[in-house]
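Below you'll find the structure, written out as structure tokens, and then a few comments.
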Amino acid sequence: MYKIIFMGTPDFSVSALEEMYNNGYNVVLAVSQPDKPSGRDLKIKPTPVKQYALAHNIEILQPEKIKNNIEFFNKLKELDPDIIVTAAYGKILPQEILSLPKIACLNIHASLLPKYRGAAPIQWSIINGDKTTGVTIMKMDVGMDTGDIILQKEVAIEDNETYGILYEKLKIIGGKLLIDVLKNIENISPVKQGDNYTMAPMIEKSLGLIDFNNPALYIHNLVRALNPTPGAYFVYDNKTYKVWETSIIQSNSDKKVGEFVFSDAKNGLQIQTSEGILNIKVIQATNSKRMNILDYLRGNKI
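Under the working numbering, think of the first position of the sequence shown as 373, with each following residue one higher.
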């Protein structure tokens, strides 16, 4: 039975750890990033991987840094792993750690590499209006998602699918795909990635500011990609409104870009864009809850 070290942090990672545990693989250590403050009260909350590891008696380590960390490196070396598996760990492994396992160092990545290397592949696939994405199991190297491809699975992106929904779908597929790889790991021949790659940089909150000079379709995709976090938004009359659900009206009005076509409890909130009209369906005013736009406009004016 292989000795496996697992490295991951958010709940996307937990699916892979859970699949290995349920299939009887010998996970000798879980590694996660340090716990951080979370929620409005900023209480320190254990990472999802830490929570799962503690509940299933898997040893857990949370080093502040992994590069030039002699104590951490010696611990990994002492465990003498056959395989290291990473999934959304959040740090690039240095060569000395990549060289430790006897068989391979594997990574689960939520895109069809070489498309969307980087921190936010799911969000960027939606922002760019892609119709498909997927999961890649790759053999890690020191680059940013540049390792050889072992196995991939393609997944359709539905027209109104949000980041949150697609995330849940891909994390489950990633865990199951990992088991397919582990069952045949010593007989697999990885394939080098092509040179035609794209990047998926980290999502900044400022990306969510809606620019109505963009087409309605782009804004619709942006809203989907930033739901449930960090959220797309616009500012009107010194008030910030988060937008959680939209649809597109393909025709144009006689209004200028950025002007309201309608803003009332009968017709809802429709805004002219550079191409098409954006129909806002779910909105959230500052210090308020998410509301259906018709309900919101019955008691509030925009």
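For every residue, glycine included, the Cβ atom is placed at its ideal position computed from N, Cα and C. Being a predicted model, the structure only gives us computed values, none of them experimental.
With 16 other CB atoms within 10 Å as the buried threshold, where does residue i fall?
i: ARG489; result: buried
i: ALA388; result: buried
i: SER385; result: buried
i: ALA351; result: The chain is shown from 373 up to 674; residue 351 falls before or after that span and cannot be answered.
i: ILE416; result: exposed
i: GLY566; result: exposed
i: THR504; result: exposed
i: VAL607; result: exposed
i: LYS661; result: exposed
i: PRO406; result: exposed
i: LEU414; result: exposed
i: LYS408; result: exposed
i: LYS543; result: buried
i: ASP667; result: exposed
i: SER578; result: exposed
i: ASP454; result: buried
If I measure Cβ to Cβ from residue i and keep anything under 6 angstroms in the same chain, skipping five residues before and after, which residues do I get?
i: ASP531; result: none
i: MET571; result: ARG489 and GLY490
i: PHE674; result: It should be pointed out that residue 674 corresponds to Ile in this sequence rather than to Phe. Cβ within range, chain order: SER635.
i: ILE430; result: VAL399 and ALA402
i: ASN560; result: This sequence places Ile at residue 560; Asn is not what is there. Excluding residues within five positions, the ones whose Cβ falls inside 6 angstroms are ILE522.
i: MET392; result: VAL399
i: ALA604; result: GLY580, ILE582, LEU594, VAL595, LEU598 and VAL615
i: ILE575; result: ALA492 and GLN495
i: CYS477; result: ILE456, LEU470 and MET512
i: PRO573; result: GLY490
i: TYR317; result: Since the first residue shown for the chain is 373 and the last is 674, residue 317 is missing from the structure and cannot be characterised.
i: MET373; result: ASN398
Looking only at its chain, what residues have a beta carbon closer than 7 angstroms to the beta carbon of residue i, apart from the 5 residues adjacent to it on each side?
i: GLY519; result: ASN479, MET510, LYS511, MET512 and ASP513
i: SER404; result: GLY380, THR381, THR419, VAL421, LYS422, ILE432 and GLN434
i: VAL562; result: The sequence given here places Pro at residue 562; Val does not occur at that position. The residues are LYS511, ASP520, ILE521 and ILE522.
i: ILE665; result: GLY640, LEU641, ILE652, LYS653, VAL654 and ILE655
i: ASP452; result: LYS375
Looking only at DSSP bridge pairs, what is residue i linked to?
i: ASP520; result: LYS511
i: MET663; result: ILE655
i: GLU530; result: Answer by DSSP bridge pairing: none, since GLU530 is not bridged.
i: LEU641; result: SER635 and ILE652
i: VAL399; result: ILE376
i: MET571; result: ARG489
i: THR504; result: ALA528
i: ALA604; result: VAL615
i: THR458; result: MET379 and ASN479
i: LEU581; result: TYR605
i: ILE591; result: Answer by DSSP bridge pairing: none, since ILE591 is not bridged.
i: ILE416; result: PRO409
Please report the residue range of the beta strand (DSSP E) in which residue i lies.
i: PRO562; result: Taken as a continuous stretch (DSSP letters only), PRO562 belongs to no beta strand (DSSP E), as it is neither H nor E.
i: VAL629; result: Unbroken run through VAL629: none, as it is neither H nor E.
i: LYS437; result: It is not in any beta strand (DSSP E) - LYS437 carries neither H nor E in the DSSP assignment.
i: ILE537; result: Not the beta strand (DSSP E): ILE537 falls in the alpha helix (DSSP H), residues 535-555.
i: LYS463; result: That residue, LYS463, is in no beta strand (DSSP E); it is neither H nor E in DSSP.
Below 8 angstroms CB to CB, which residues in the same chain sit around residue i once its five sequence neighbours on both sides are set aside?
i: SER623; result: GLY648 and ILE649
Taking Cβ positions, are residue i and residue j nearer each other than 8 angstroms?
i: ILE469; j: ILE557; result: no
i: LEU426; j: GLY501; result: no
i: SER646; j: ASN586; result: yes
i: ASN599; j: SER619; result: no
i: LEU677; j: GLY630; result: Outside the displayed span of the chain (373 to 674) sits residue 677, for which this structure offers no information.
i: VAL457; j: PHE584; result: no
i: THR612; j: THR658; result: yes
i: VAL615; j: VAL633; result: no
i: ILE494; j: LYS525; result: no
i: PRO466; j: ASN568; result: no
i: LEU554; j: TYR397; result: yes
i: LEU448; j: LEU472; result: yes
i: ILE438; j: MET516; result: no
i: TYR535; j: ILE591; result: no
Is residue i near the ligand ADP - that is, is its Cβ less than 7 angstroms away from at least one heavy atom of it?
i: GLY671; result: By its list of ligands, the structure shown contains no ligand whatsoever, and the ligand ADP lies outside what it can speak to.
Just reading off the alpha helix (DSSP H) that residue i is part of, what are its end residues?
i: ALA409; result: Sequence inspection shows Pro at residue 409; the Ala mentioned does not correspond to that position. It is not in any alpha helix (DSSP H) - PRO409 instead sits in the beta strand (DSSP E) that spans 408-410.
i: SER619; result: Unbroken run through SER619 is the beta strand (DSSP E), 611-621; no alpha helix (DSSP H).
i: ILE469; result: 467-470
i: LYS422; result: 420-427
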